[in-house]
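From first to last, the protein sequence lines are chains Z and C.
Sequential numbering of the first sequence, starting at 1, is according to the UniProt record's numbering.
Sequential numbering of the second sequence, starting at 1, is according to the UniProt record's numbering.
The beta carbon of each residue, even a glycine, is placed where N, CA and C say it ideally should be.
In what follows, a single structure is set out as structure tokens and then discussed.
2 protein chains.
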Amino acid sequence: MLSNSAKYALKAVLYLSLNSNEEEKLMTKDISEKINVPKSYLAKILQDLSRHGVIASSKGPKGGFYLHDNNKKISLIDIIEVIDGKQRLSSCILGFHECDSENPCVLHDIMGGANNQFVKSLEETTLEDLIADLSEGSSVFPVD
Amino acid sequence: MLSNSAKYALKAVLYLSLNSNEEEKLMTKDISEKINVPKSYLAKILQDLSRHGVIASSKGPKGGFYLHDNNKKISLIDIIEVIDGKQRLSSCILGFHECDSENPCVLHDIMGGANNQFVKSLEETTLEDLIADLSEGSSVFPVD
DNA sequence: TCTTAAATATGATTTAAATCATGTTTTCAA
DNA sequence: TTGAAAACATGATTTAAATCATATTTAAGA
């Protein structure tokens, strides 16, 4: 459903949203240790996210990755799509190309629209929402 | 969520449930052409399913794969678990090991139990149910 | 201006899933 | 009883994702 890379991206951006700002940037090394993701692999993902404007970065000494406030208004789906593309999440569970509610594959209804609902949640949920949940203590930010 | 192999298994077993019985067995070659899955790859999967009693087989000339009536009462989850194991379907979307409703990861609620519900459907749905849906014309059996 | 610390860009390597290939066993039918 | 047709078993190859490595660019600070 989600690639490993996309999961790492979500974790990293969430970590940044909790621990960074314009004054306190974070290096790949720090993030990778904290969220338990291989450093060079994470580096590639962060660079990808930065190139697409999902996160901010600056080079050189005292440089690193961080989030602007408006980056926190981004929805989760936008993070995922930078890494996995648009297709992956909406694809039929049996790999049927023309699968939709008009022309449902034999498992489409079994899924009960679970996937659609999940995608909708990803579209509607922003980083800020997750931060709110976490600060309420109603959920946990997993490391592994 | 599901491996490619598990998808192929579902398609193959469903095809068998529609087109085979004790008198009309089907060879790997026939099934693979019909459901559009590589022959030798499918062979491995069918042998796996047969070894686990999900489908029946007989060797030699006039041999092949088929389903007994009681094989049609099997639920979809049992087909999937033979191929993918028990873990894969229930794992946390962020890869968090202790993720459950007691200790939800930050995405657990976002998923809205979509995954749990999906697994439940797979547990409750039998091949017969799918066959019924198909014969009503309310769904389609996809080839690709 | 020079050194150093960071991201950036690019490509190589590893790993696991997917796919292919082939020899062995069983059983039917002539 | 023998040849052929099928599943069965096993292992090799390919491919894509995941991971690693390293040279290049940028910018801070001395």
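Contact the region 119–126 of chain Z vs the region 92–103 of chain Z: 3+ CB pairs below 8 Å: No: the two stretches stay apart, fewer than three of their Cβ pairs being nearer than 8 Å.
Cutoff 8 Å: K7 of chain C Cβ touching any chain Z Cβ: If you number the second sequence from 1, residue 7 of chain C lands on position 7. Interface residue, yes.
Segments of 3+ residues assigned as beta strand (DSSP E) that fall wholly inside the region 44–90 of chain C: For secondary structure counted as the beta strand (DSSP E) over 3 or more consecutive residues, the region 44–90 of chain C holds these complete runs in sequence order: 56–58, 64–66.
Counterpart residues of residue 151 of chain C in DSSP-defined beta bridges: The structure shown has nothing for residue 151 of chain C, since chain C only spans 1 to 144.
L10 of chain C beta carbon less than 8 Å from that of L76 of chain C: Here residue 76 of chain C refers to the residue found at position 76 when the second sequence is read from its first residue. Here residue 10 of chain C refers to the residue found at position 10 when the second sequence is read from its first residue. With contacts defined as CB atoms closer than 8 Å, L76 of chain C and L10 of chain C qualify as a contacting pair.
CA-to-CA distance, K62 of chain C to G85 of chain Z, given in whole angstroms: Your numbering for residue 85 of chain Z matches position 85 in the first sequence. Your numbering for residue 62 of chain C matches position 62 in the second sequence. Between the alpha carbons of G85 of chain Z and K62 of chain C lies a distance of about 47 Å.
Pair within 8 Å by beta-carbon distance, L14 of chain Z and L130 of chain Z: As a working note, residue 14 of chain Z is residue 14 in the first sequence. As a working note, residue 130 of chain Z is residue 130 in the first sequence. Going by beta carbons, L14 of chain Z and L130 of chain Z fall inside the 8 Å limit.
Beta-carbon gap between K25 of chain C and S58 of chain C smaller than 8 Å: For the purposes of this step, residue 25 of chain C is taken as the residue at position 25 of the second sequence. For the purposes of this step, residue 58 of chain C is taken as the residue at position 58 of the second sequence. With respect to S58 of chain C, K25 of chain C sits close: the two C-beta atoms are nearer than 8 Å.
Interface residues of chain C facing K11 of chain Z [CB-CB closer than 7 Å]: Your numbering for residue 11 of chain Z matches position 11 in the first sequence. Taking the beta carbon of K11 of chain Z as reference, the chain C residues within 7 Å of it are L94, listed in sequence order.
Option in C:V106, C:L46, C:D69 with minimal Cα separation from L127 of chain C: Here residue 127 of chain C refers to the residue found at position 127 of the second sequence. Ranking C:V106, C:L46, C:D69 by CA distance to the CA of L127 of chain C puts C:D69 first.
First and last residue of the uninterrupted alpha helix (DSSP H) at K120 of chain Z: Taking the first residue of the first sequence as position 1, residue 120 of chain Z is located at position 120. Residue range 114–124 is occupied by the alpha helix (DSSP H) that includes K120 of chain Z.
Nonlocal neighbours in the same chain, by C-beta distance under 8 Å from S20 of chain Z, ignoring five residues either side: In the first sequence, the residue the question calls residue 20 of chain Z occupies position 20. Excluding residues up to 5 positions away in sequence, L26, G64, F65, Y66, L67 lie with their Cβ nearer than 8 Å to the Cβ of S20 of chain Z in the same chain.
DSSP-derived helix/strand/coil call for E22 of chain Z: To locate residue 22 of chain Z, count along the first sequence from 1; it is residue 22. Annotated three-state conformation of E22 of chain Z is coil, per DSSP.
DSSP-derived helix/strand/coil call for V143 of chain Z: Taking the first residue of the first sequence as position 1, residue 143 of chain Z is located at position 143. DSSP places V143 of chain Z in coil when its eight states are reduced to three.
CB contact check: I79 of chain C to chain Z, cutoff 8 Å: The count along the second sequence starts at 1 and reaches residue 79 of chain C at position 79. So, not an interface residue.
N4 of chain Z, DSSP secondary structure in three states: Position 4 of the first sequence holds residue 4 of chain Z. For N4 of chain Z, the secondary structure class from DSSP, reduced to helix, strand or coil, is helix.
Residues of the region 100–111 of chain C whose Cβ lies closer than 8 Å to any Cβ of chain Z, in chain order: Taken in chain order, the members of the region 100–111 of chain C whose beta-carbon sits within less than 8 Å of a beta-carbon on chain Z are N103, P104, C105, V106, L107, H108, D109, I110, M111.
Cutoff 8 Å: K30 of chain Z Cβ touching any chain C Cβ: In the first sequence, the residue the question calls residue 30 of chain Z occupies position 30. Before going on, a small fix: residue 30 of chain Z reads as Asp here, not Lys. At a cut-off of 8 Å between beta-carbon atoms, D30 of chain Z makes no contact with chain C.
Three-state secondary structure assigned by DSSP to I93 of chain C: Within the second sequence, the letter at position 93 stands for residue 93 of chain C. Coil.
CA-to-CA distance, L46 of chain C to V37 of chain C, given in whole angstroms: Looking up residue 37 of chain C in the second sequence gives position 37. Looking up residue 46 of chain C in the second sequence gives position 46. Each residue's Cα considered, the two are about 12 Å apart.
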